[in-house]
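Report on the structure given below.
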Amino acid sequence: MTTSPRGVAILGSTGSIGTTALRVLGRQGARFRVAALTAFNNAALLREQANQFHPSFVGIVSNGTNAHPGWGCGETCLVDAATRDDVDIVLNAVVGAAGLDATLAALERGKRVALANKETLVMAGDLVEAGRIRGNGEIVPVDTEHSAILQCITGRSGLQVRRVILTASGGPFRSWQPEAIERATLAEALQHPTWRMGRKISVDSATLANKALEVIEAHFLFGLTFEQIDVVVHPQSVVHSFVEFVDGSVLAQLGVPNMELPVLYALTHPERIPDTGVPPFDPVELSPLTFERVRIADFPALRLGIEAGRAGGAAPAVFNAANEAGVSLFLEGRIGFSDIPRAIAAALEELGSLPGHTRDVILAADAAARRHVRERFRC
Ligand code: NAD
Ligand code: MG
17 MTTSPRGVAI
27 LGSTGSIGTT
37 ALRVLGRQGA
47 RFRVAALTAF
57 NNAALLREQA
67 NQFHPSFVGI
77 VSNGTNAHPG
87 WGCGETCLVD
97 AATRDDVDIV
107 LNAVVGAAGL
117 DATLAALERG
127 KRVALANKET
137 LVMAGDLVEA
147 GRIRGNGEIV
157 PVDTEHSAIL
167 QCITGRSGLQ
177 VRRVILTASG
187 GPFRSWQPEA
197 IERATLAEAL
207 QHPTWRMGRK
217 ISVDSATLAN
227 KALEVIEAHF
237 LFGLTFEQID
247 VVVHPQSVVH
257 SFVEFVDGSV
267 LAQLGVPNME
277 LPVLYALTHP
287 ERIPDTGVPP
297 FDPVELSPLT
307 FERVRIADFP
317 ALRLGIEAGR
327 AGGAAPAVFN
337 AANEAGVSLF
347 LEGRIGFSDI
357 PRAIAAALEE
367 LGSLPGHTRD
377 VILAADAAAR
387 RHVRERFRC
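Position one of the sequence shown corresponds to residue 17 (the working numbering), numbered consecutively onward.
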């Protein structure tokens, strides 16, 4: 039986996940067709990708369109790409809150969202779920940990899950003393031990804010309480997460650290298709696999994020926005590494009990948190 290839829109096609996805799609042309591509401002790479994959829509947020006749432009191009009739699957690989409206719009149109852009689920999990139900859409995670959980539970009832344990590499400062972490430089923070990723998520992995985002992401994706989600440090990033079932049995999904598999699986779930993107698995070569407790006191962003998730309302959006604002100031060299969790704590203290029941109040809380961080550092 032959079926026509499914149309895929890649939002953020010039980034780390976006370029990974195009490598996967380059091999899987019989099953998937690149229908739309968007980027923030890297017009040169976007043009190269468009020439190679011939999507029916190309959108660029910034950097002008006069030079690119026929391209969509401005912030709305994300929603334009995500809601096209020839798009079945939207890979949202945008970084940060900017991806929210495209996720909502795609779900409301009944599409599958292959979600790398975890920030939008964290800031507006209830809204995203409501949109998914309204439009009969589907969210499939791209994050390795959540992909691992999905791969372990697919075909089973959710009621059989007792607990999940998310693995965390621990980031570049896993074994550093607190005084050294306080003085960490940007170059040091960007040196992730096991993954090559965009700058924002690399810093999030160093503060462990990324793991807090992932705990909240797991809460919304799998309907788990925060008591059912634990985190363990696993420096080799080979075990992508564990699921403990009600009878005490534990399943895990393993693999060489490589994003091509979770990207492919988010497109094919619940099926698997033959692919060659992942290097061979050799347990001896990869050993030893080790596990450690998280040093929660030394990485305060993790605790702050989990507390914000438990508090609900706009607190997760405030956590996310304060973190995004803090990380961008750190990337610009204007604040120190440990100022990021300090800024998050102060923003949550001031704004953490705001309501979060509509898109507009969430965006207002997001804007207030960003303002709070900039004013704190007079930036
Ligand atoms: P990146 O910075 O490499 O790429 C981001 C992409 O989004 C680029 O194409 C950029 O043009 C686009 N973009 C940035 N700001 C935008 C805006 N305001 N509006 C529209 N487009 C914008 O980031 P990345 O590492 O690919 O991460 C993307 C997302 O995937 C993040 O949410 C990250 O947490 C998540 N993620 C990444 C990895 C990884 O291995 N890189 C793993 C798991 C999850
Ligand atoms: Mg992850």
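Note that CB positions come from ideal geometry on N, CA and C, so glycine has one too. The model shown is predicted, which means the values in this text are computed figures rather than measured ones.
- Between F69 and V50, the beta carbon gap of about 4 Å places them in contact (Cβ cut-off 8 Å).
- Look at the segment 189 to 252 and you find these whole runs of alpha helix (DSSP H), each 4 residues long or longer: 194 to 198, 202 to 205, 215 to 223, 225 to 238.
- Positions of the beta strand (DSSP E) runs, each at least 3 residues long and wholly inside the segment 260 to 287, are given as 266 to 270 in order along the chain.
- DSSP, reduced to helix, strand and coil, places S185 outside both helices and strands of the structure shown, so it counts as coil.
- Going by beta carbons, P251 and P209 fall inside the 8 Å limit.
- In this structure, the beta-carbon distance from R215 to L345 does not fall below 8 Å.
- DSSP places P157 in the strand class (E or B) of the three-state scheme.
- Annotation: the continuous alpha helix (DSSP H) that includes A98 extends over 93 to 98.
- In this structure, the beta-carbon distance from G31 to V111 falls below 8 Å.
- DSSP, reduced to helix, strand and coil, places S354 outside both helices and strands of the structure shown, so it counts as coil.
- Taking non-hydrogen atoms of the ligand NAD into account, the C-beta of V74 is found less than 7 Å away from none of them.
- Within a 10 Å sphere around the beta-carbon of Q269 sit 16 or more other beta-carbons, which makes this residue buried.
- Burial of A333 is indicated by the presence of at least 16 other C-beta atoms within 10 angstroms of its C-beta.
- Only buried fits G28, as 16 or more other CB atoms lie within 10 angstroms of its CB.
- Counting other Cβ atoms within 10 Å of its Cβ, S185 reaches 16 or more and is therefore classed as buried.
- In the three-state reduction of the DSSP assignment, H256 falls in the strand class.
- For K134, the shortest separation between its Cβ and any heavy atom of the ligand NAD lies below 7 Å.
- Burial state of R172 is exposed, judged by a 10 Å Cβ sphere holding fewer than 16 other Cβ atoms.
- Distance between R39 and D101, taken at the CA atoms: about 24 Å.
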